[in-house]
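Heads up: the sequence shown runs through residues 54 to 260, numbered per the numbering used here. As structure tokens, the structure follows; a few thoughts come after it.
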Amino acid sequence: MTDLLQEWLVLLARHTASPDAGAVGAAMLARWSEPHRRYHDTAHLQGVLDAVDALAEHADDPDAVRMAAWYHDAVYAGAPDDEENSALLAEADLRSLQVPAALVDEVARLVRLTVEHDPGPADRNGQVLSDADLAELAVAPEQYRRNTERVRAEYGHVSDEDFRAGRARVIAALLAAPALYRTAQGQRLWESAARENLTAELRTLNG
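So, in structure tokens, the structure goes:
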């Protein structure tokens, strides 16, 4: 947590001198540490930030992508408007910290992009965020299964039948795409392992 807060402060210091950056970062980490989170927690946040760093050379504005990574699941209630509410939080927080308006707008746009993970061919920032958010699909199979169990625990309000059907639709759509990852580096690092994990899970869901 201390390391993450320091990472936030270093990031924000490049774009604002506001003395409130630490308080906003601490509030953000409190959100990421909410007790109902099982997968979308601080470990996921750190994983996405690490993946952004691995792909940073591809981005037009790596810091915009990093800020968007901080906010992309900042509001997480397992609801359809989580991404929109996360984008609204980003706008409110970053404006209060006097981050430049163009950067705030780009961060909010990127957060909203995580609804579909479908950045355009010229959207280099969006490609990096999308790939980073999906990077954990490529973990070792046993870790992937544990992650899947944690995601299921976050949707305790959804019946098993509905969860399985919804999960199967999402996975089938991902696998139908020509590539899961939009950057060449993402494809090299994660494409093969992620497809194997998704295919195995879909087989189980449809079994």
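A virtual CB, placed ideally from N, CA and C, is assigned to each residue, including glycine. Keep in mind that this is a model prediction, so the values were computed, not measured.
Could I get the ranges of all uninterrupted alpha helix (DSSP H) runs contained in the segment 94-173, with 4 residues as the minimum, in chain order? Segments of the alpha helix (DSSP H) lying fully in the segment 94-173: 95-108, 115-124, 135-149, 154-166.
CB E207 to CB G131, shorter than 8 Å? If you number the sequence shown from 1, residue 207 lands on position 154. If you number the sequence shown from 1, residue 131 lands on position 78. Yes, the Cβ-Cβ distance between E207 and G131 is below 8 Å.
Euclidean distance between Cα positions of R205 and A140: On the sequence shown, position 152 is the one that residue 205 refers to. On the sequence shown, position 87 is the one that residue 140 refers to. Near 24 Å, if we compare the C-alpha coordinates of A140 and R205.
Do N178 and L163 have their C-beta atoms closer together than 8 Å? Taking the sequence shown and counting its residues from 1, the one referred to as residue 178 is at position 125. Taking the sequence shown and counting its residues from 1, the one referred to as residue 163 is at position 110. Yes, these two residues count as a Cβ contact at 8 Å.
Taking Cβ to Cβ, would you say V157 is nearer than 8 Å to L166? As a position in the sequence shown, residue 157 is number 104, starting the count at 1. As a position in the sequence shown, residue 166 is number 113, starting the count at 1. Cβ distance not < 8 Å, so V157 and L166 don't count as in contact.
DSSP three-state label for E87, please. Indexing the sequence shown from 1 puts residue 87 at position 34. Coil at E87, not helix or strand.
Ranges of the alpha helix (DSSP H) found wholly within the segment 193-226, counting only runs of at least 4: Counting only runs of 4 or more, we get 194-207.
Other residues of its chain near E60: CB distance less than 8 Å, five sequence neighbours each side excluded: Taking the first residue of the sequence shown as position 1, residue 60 is located at position 7. These residues qualify, in order along the chain: L102.
Report yes if the CB atom of Y49 is closer than 8 Å to the CB atom of N250, and no otherwise. No answer is possible for residue 49: the residues shown for the chain start at 54 and end at 260.
Assuming L258 contacts D184 (C-beta within less than 8 Å), just tell me the rounded distance between them. The sequence position of residue 258 within the sequence shown is 205, counting from 1. The sequence position of residue 184 within the sequence shown is 131, counting from 1. Not really, about 24 Å apart at Cβ, beyond 8 Å.
Note down the Cα distance separating P115 from E169, rounded to an integer number of angstroms. Stepping through the sequence shown from its first residue, residue 115 is reached at position 62. Stepping through the sequence shown from its first residue, residue 169 is reached at position 116. CA-to-CA, the gap between P115 and E169 works out to about 20 Å.
I'd like to know whether the C-beta atoms of V181 and A253 end up nearer to each other than 8 Å. Your numbering for residue 181 matches position 128 in the sequence shown. Your numbering for residue 253 matches position 200 in the sequence shown. Contact flag unset, no.
The alpha helix (DSSP H) that contains A246, what's its start and end? Here residue 246 is taken as the residue at index 193 of the sequence shown, counted from 1. Looking at the DSSP string, the run of the alpha helix (DSSP H) that includes A246 is 245-258.
Do L150 and D73 have their CB atoms nearer than 8 Å? What you label residue 150 is simply residue 97 of the sequence shown in a count that begins at 1. What you label residue 73 is simply residue 20 of the sequence shown in a count that begins at 1. Taking 8 Å as the Cβ cut-off, L150 and D73 qualify as a contacting pair.
If we call anything under 8 Å between Cβ atoms a contact, is V85 one with T95? Translated into positions along the sequence shown, residue 85 becomes position 32. Translated into positions along the sequence shown, residue 95 becomes position 42. Just to set this straight, residue 85 is Trp in the shown sequence, not Val. Yes, Cβ-Cβ distance for W85 and T95 is below 8 Å.
Can you tell me whether L233 is helix, strand or coil according to DSSP? In the sequence shown, counting from the first residue as 1, residue 233 sits at position 180. In the structure shown, L233 sits in coil (DSSP, three-state: anything other than H, G, I, E or B).
Is it right to say R67 is buried, meaning 16 or more other beta carbons lie within 10 angstroms of its own, or is it exposed? One-based indexing of the sequence shown puts residue 67 at position 14. Under this definition R67 is an exposed residue.
Going by beta carbon distance, what residues of the same chain come within less than 7 Å of R90, once the five residues before and after it are set aside? If you number the sequence shown from 1, residue 90 lands on position 37. Scanning its chain for C-beta atoms nearer than 7 Å, with the 5 sequence neighbours on each side dropped, one finds around R90 the residues Y129, E207, in chain order.
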